[in-house]
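Structure, as structure tokens:
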Amino acid sequence: MTDQEDTFRAEARAWLAEHAAKYAEPIERTDEELVAASLAWQKEKAAAGYANVPGTPEMGGRNGTTRMEAIFDEEEGRYYYPMFTGLGIGLGMAMPAIRKHGTPGQFERFGKPTYWGDAAWCQLFSEPAAGSDLAGLRTKAVRDGDNWIVNGQKVWSSWAHHADYAILLARTDPTVVKHAGITFFVLDMRTPGVEVRPIRQISGKSDFNETFLTDVVIPDANRIGAEGEGWSCAMTVLTHERNGSSGSLRQTDGGVRALIAKAAASGRLDSAAVRAKLAQWWVEEQGLRHFGGRINAALARGESPPVAMMKLVSATKSQQMNAFHMDADEYDGLFLGDDKPDQEGVFFQYTWAAALRIAGGADEILRNQLAERTLGMPSEPRMDKVPFNQLPGVK
Amino acid sequence: MNLELTDEQKQLKDQVGRLLDEKATPDALRKLITSGAGVDRDLWGQVAELGLLGAAIPEEYGGVGLGEKDLCVIAEEMGRTVAPVPFFSSICLAAEAIKLAGTEAQKAEWLPRIAAGEVIATFAWNEGPGAADPNTVTARLANGKLTGIKSPVPDAELADVAVVVCAGPRLALVALRQDGVKLEPLTGFDQLRKHARIFFDAADAEAMDAADAHETLRRLYDRAAVFEAFEQVGAAESAMLMARDYTLGRYTFGRQLASYQAVKHRLADILVMVELARSNALYAASALEADTPDLPAAAATARIAATRAYEIAARENLQLHGGIGYTWEANCHFHYRRARLLALNLGSAEVWEGKLIDALTADNTPAAA
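This is how it looks when you write it as structure tokens:
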């Protein structure tokens, strides 16, 4: 670690101590309050040059290094801070893809409002018939002069109802194999023909939406990368999504300690079976923490570490731990009570864990990836290496 | 915190790995089991010549004075190859015990010879069934004489000297080649690391210099658990890759065995366990080198993760080999047996889970970032 990095860490710590503490107790209650608090925190960071450490001050940065950015993330992770999904998608998924695959002009145009907390994003990738098999997507984009005309239906679009922009995958050539006919766009969510309908989830909330696109006009200036290169853009996004979904881990750090305290309070810590479970979750939590540090360093070196592991482990662990939270109170653990202020959060986390195990690469897909990319095992037998419009079920 | 190995440590790993790959081949291991020798003395000599035994022994006592993490790197290679040498007993347990609790004279007498490989040392705590417990030890040290029975003791037949845990607890150094010491070889599950029962009958023994032997024993096992976690991680990765390579080469129903999702997913799960175990072990090694207050929790975390990874990798490796895996000529049995030895020699998962929870409840401060 260099002196410059030590100085930066000390400076970031002092700044966070002054500015982040006010978020220590989540003040937001409604979605609107969470959105407002998240954007306000983002603006504070941008003004101080912490929103995009390697970028220029105009882009919310300070011309720093990626290592410094990682240091700030570590330090920020010691605090609770508001981060609604729409901002996380913009910062963690849209920006890396636009930086890598778009022009410098596009990165500046979309990056500035994002880093400065003036824009929220959603992801229009999945479709009713294209989930794990994302490349089977059917939403069509047809060129019309300097524009594209888009028609189709997207699903699981988190926070689309609060989004200013979307990253969108659409099929621009159905006559080639499916991965080759996809193009990546930025869509202004206020464009006529975009209709967002909430989906009621098992949690009772509606974070996700269906988004219907009817004769939506997207200027060609919003195309990111070349025509037909959308799949490679999507891979950039998904790599960051899988790394980022475990970012919520930072805020659950200490979750096992809380469970240990709960088990101790209810006298269950004397049970070897209980200790074994707690130890296992602790081992996973700490393993992910250290593994996370190692993969961030590897990503900064330009390597391709097995990022898929993070979400694969953390989602199942969350499911198990929140079930244990309920178990700790036996039958009564299934009910809210004035003496159990955390229980509502436990219910939510237990249901949300089910979504996490599917979103951004289902457990099964991630295991395939680990086996294929990291261990070099054969890919699944494929029946879809024909032009998209000749696949069974595609008209 | 940067947890990765330095370039020098990577070179060390390659150097040790090359030697062990050449000497500790599966065929060589099979011969050592058949002959009953269980140990390769030539290899031990070569390991000593490279200066590997003194990696974590200070230069003033004849060591190389690198660091604990260098010892971890060597342990990983020992685990990967199931190396038939008394490295763990002599270096990771006994030499460490002498470093922690030896008098100045004892350190000067024994550490240089242990580092040179001239003397093999071992460590004796358990007394039959039950976890190693400082409070239930019955072996007695009185007036420079040791009386009691220790079992199982690793590499006891090879060892010239033992660090013995006595009632109190107290620690004693005992030369094993004397009239008051008798050995009875044990028939062990892992025939590549032989164990014996030792009978001490008023054997000459020297008290060691542990002001707080409870604390010394705790520190010793925390340190040993970190070294052994690397041994387990190296071994687990080796078992995983053995299974991967076998399933890539074997065809069933017209397909590579490795192309079945049931096989891929099982190996993906093992990969996850190995990577988490490696990350926990690397963190524990840093905690060990810096001697941070969270070492007890970090060591327990590393051990629990590594034990689980190795046990499952070893079992599933045999399973994925099918019937071939159950044969003497296939190499799965080395890991299948060794995984059990390493799961119990420093205390079972249950013991370490208890230690971990105790450490976490005792210290309520968040771990350092």
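Taken in sequence, the protein lines are chains A and B.
All letters in the first sequence, in the order written, are residues 865 to 1259 by this note's numbering.
All letters in the second sequence, in the order written, are residues 50 to 418 by this note's numbering.
Each residue gets a CB set at the ideal place from its N, CA and C atoms; glycine is no exception.
With a cut-off of 8 Å on the beta carbons, I'd call residue 305 (chain B) and residue 1244 (chain A) a contact; round off their distance for me. Position 256 of the second sequence holds residue 305 (chain B). Position 380 of the first sequence holds residue 1244 (chain A). That pair is no contact at about 12 Å.
Let me see if you follow: with CB-CB separation under 8 Å, is residue 1177 (chain A) close to chain B or not? Start at 1 with the first residue of the first sequence, and residue 1177 (chain A) comes out as number 313. Taking Cβ atoms only, chain B reaches closer than 8 Å to residue 1177 (chain A), which makes this a yes.
For a quick check, are the C-beta atoms of residue 1047 (chain A) and residue 1036 (chain A) less than 8 Å apart? By 1-based counting over the first sequence, the position of residue 1047 (chain A) is 183. By 1-based counting over the first sequence, the position of residue 1036 (chain A) is 172. Yes, these two residues count as a Cβ contact at 8 Å.
Below 8 Å, how does it come out for the region 319-327 of chain B and the region 335-354 of chain B: are there three or more Cβ pairs, yes or no? yes
Look up residue 985 (chain A) in the DSSP assignment and give the residues it is bridged to. Locating residue 985 (chain A) in the first sequence gives position 121, where the first residue counts as 1. For residue 985 (chain A), which the question treats as bridged, DSSP gives the partners A:1029.
Taking only the alpha-carbon atoms, compute the straight-line gap between residue 977 (chain A) and residue 285 (chain B) and give it to the nearest angstrom. The residue given as residue 977 (chain A) occupies position 113 in the first sequence. The residue given as residue 285 (chain B) occupies position 236 in the second sequence. Cα-Cα distance, rounded: 48 Å.
So, are the CB atoms of residue 332 (chain B) and residue 61 (chain B) less than 8 Å apart? Within the second sequence, residue 332 (chain B) is the residue found at index 283, counting from 1. Within the second sequence, residue 61 (chain B) is the residue found at index 12, counting from 1. Their beta carbons are not under 8 Å apart, which means residue 332 (chain B) does not touch residue 61 (chain B) by this criterion.
Of all the residues that make up the region 256-288 of chain B, which are near chain A by a beta-carbon distance shorter than 7 Å? none
Who are the neighbours of residue 52 (chain B) on chain A, taking C-beta pairs under 9 Å? Taking the first residue of the second sequence as 1, we reach residue 52 (chain B) at position 3. Within chain A, the residues near residue 52 (chain B) are 1154, 1157, 1158, 1161.
Chain-order list of residues whose beta-carbon lies under 6 Å from that of residue 138 (chain B) (same chain, five-residue window excluded): As a working note, residue 138 (chain B) is residue 89 in the second sequence. The residues are 171, 203, 204.
Determine contact between the region 82-102 of chain B and the region 130-148 of chain B, defined as no fewer than three beta-carbon pairs at a distance below 8 Å. yes
Residues in the region 103-133 of chain B with C-beta within 8 Å of chain D's C-beta atoms, listed in sequence order? Note that chain D does not occur in the displayed structure, where the protein chains are A and B.
Close beta carbons around residue 1241 (chain A), own chain, < 8 Å, minus the five adjacent residues each side: Within the first sequence, the letter at position 377 stands for residue 1241 (chain A). Hits under 8 Å: 1235.
Out of B:195, B:213, B:148, B:145, which has the shortest C-alpha to C-alpha gap to residue 174 (chain B)? Position 125 of the second sequence, counted from the first residue, corresponds to residue 174 (chain B). Taking only the C-alpha atoms, the option nearest residue 174 (chain B) is B:213.
Per-residue burial, residue 239 (chain B) [other beta carbons within 10 Å of its own, 16 or more giving buried]: To locate residue 239 (chain B), count along the second sequence from 1; it is residue 190. Classification for residue 239 (chain B): buried.
For the beta strand (DSSP E) holding residue 1222 (chain A), just list the boundary residues, first then last. Residue numbering aside, residue 1222 (chain A) sits at position 358 when the first sequence is read from its first letter. Careful: residue 1222 (chain A) lies outside any beta strand (DSSP E) and carries neither H nor E.
Would DSSP call residue 879 (chain A) helix, strand or coil? By one-based count along the first sequence, residue 879 (chain A) stands at place 15. Here residue 879 (chain A) sits in helix by DSSP.
Looking at the C-beta of residue 158 (chain B), does it have a partner C-beta in chain A at a distance below 8 Å? Your numbering for residue 158 (chain B) matches position 109 in the second sequence. Cβ-Cβ to chain A under 8 Å: no for residue 158 (chain B).
Which residue wins for smallest C-alpha separation from residue 940 (chain A), given the options A:867, A:1253, A:895, A:883? Within the first sequence, residue 940 (chain A) is the residue found at index 76, counting from 1. Nearest option by C-alpha distance: A:883.
Using C-beta distances below 7 Å, list every residue in its chain close to residue 880 (chain A), excluding the 5 sequence neighbours before and after it, in chain order. Position 16 of the first sequence, counting from 1, holds the residue named residue 880 (chain A). Closer than 7 Å at the Cβ level, and outside the excluded window around residue 880 (chain A), lie 939, 940, 943.
Taking only beta-carbon positions, decide if residue 313 (chain B) is within less than 8 Å of chain A. The residue given as residue 313 (chain B) occupies position 264 in the second sequence. Taking Cβ atoms only, chain A reaches closer than 8 Å to residue 313 (chain B), which makes this a yes.
Judging by CA-CA distance, which residue of A:886, A:911, A:1239 is the nearest neighbour of residue 295 (chain B)? Numbered from 1 along the second sequence, position 246 holds the residue referred to as residue 295 (chain B). It is A:1239 whose Cα lies nearest to the Cα of residue 295 (chain B).
What does DSSP give as the partner residues of residue 1012 (chain A) in its beta bridges? Sequence index remark: in the first sequence, residue 1012 (chain A) carries index 148 (1-based). Bridge partners of residue 1012 (chain A): A:1007, A:1082.
Can you check whether the CB of residue 962 (chain A) is closer than 8 Å to the CB of residue 985 (chain A)? Here residue 985 (chain A) is taken as the residue at index 121 of the first sequence, counted from 1. Here residue 962 (chain A) is taken as the residue at index 98 of the first sequence, counted from 1. The answer is no: Cβ separation not under 8 Å.
Measuring only the C-alpha atoms, how far is residue 1121 (chain A) from residue 1074 (chain A)? On the first sequence, position 257 is the one that residue 1121 (chain A) refers to. On the first sequence, position 210 is the one that residue 1074 (chain A) refers to. If I take the Cα positions, the gap works out to 38 Å.
Looking at residue 965 (chain A): is its Cβ nearer than 8 Å to the Cβ of residue 1088 (chain A)? Counting from one through the first sequence, the residue named residue 965 (chain A) turns up at place 101. Counting from one through the first sequence, the residue named residue 1088 (chain A) turns up at place 224. The answer is yes: Cβ separation under 8 Å.
Can we say the region 81-89 of chain B touches the region 147-162 of chain B, given the rule of at least three CB pairs closer than 8 Å? no
In chain order, what are the residue ranges of uninterrupted alpha helix (DSSP H) at least 4 long that sit wholly in the region 336-412 of chain B? 344-370, 381-393, 398-411
With C-beta atoms as the reference, is residue 280 (chain B) less than 8 Å away from residue 127 (chain B)? Within the second sequence, the letter at position 231 stands for residue 280 (chain B). Within the second sequence, the letter at position 78 stands for residue 127 (chain B). Cβ distance < 8 Å, so residue 280 (chain B) and residue 127 (chain B) count as in contact.
Under 8 Å: do the region 1177-1189 of chain A and the region 1202-1222 of chain A share three or more Cβ pairs, one atom per stretch? yes
At 7 Å on the CB atoms, spell out the chain B contacts of residue 968 (chain A), in chain order. Numbered from 1 along the first sequence, position 104 holds the residue referred to as residue 968 (chain A). Per Cβ cutoff of 7 Å: no residues; residue 968 (chain A) is ~32 Å from chain B at best.
Residue 874 (chain A) to residue 934 (chain A) span [Cα, whole Å]: As a first step, residue 874 (chain A) must be located in the first sequence, where it is residue number 10. As a first step, residue 934 (chain A) must be located in the first sequence, where it is residue number 70. Rounded to whole angstroms, residue 874 (chain A) to residue 934 (chain A) spans 14 Å at the Cα level.
So, at 7 Å on beta carbons, what are the nonlocal neighbours of residue 271 (chain B) in its own chain, with the 5 sequence-adjacent residues on each side left out? On the second sequence, position 222 is the one that residue 271 (chain B) refers to. 344, 345, 348.
Which residues, taken in chain order from the region 288-303 of chain B, show a beta carbon closer than 9 Å to some beta carbon of chain A? 289, 290, 293, 296, 297
From residue 66 (chain B) to residue 1019 (chain A), what does the alpha carbon distance come to, in whole angstroms? Here residue 66 (chain B) corresponds to residue number 17 of the second sequence, with the count starting at 1. Here residue 1019 (chain A) corresponds to residue number 155 of the first sequence, with the count starting at 1. Using only the alpha carbons, I get a separation of about 52 Å.
Using CA atoms only, rank isn't needed, just tell me which of B:129, B:169, B:168, B:229 is closest to residue 194 (chain B). The residue you call residue 194 (chain B) lines up with position 145 of the second sequence. The option with the nearest alpha carbon to residue 194 (chain B) is B:229.
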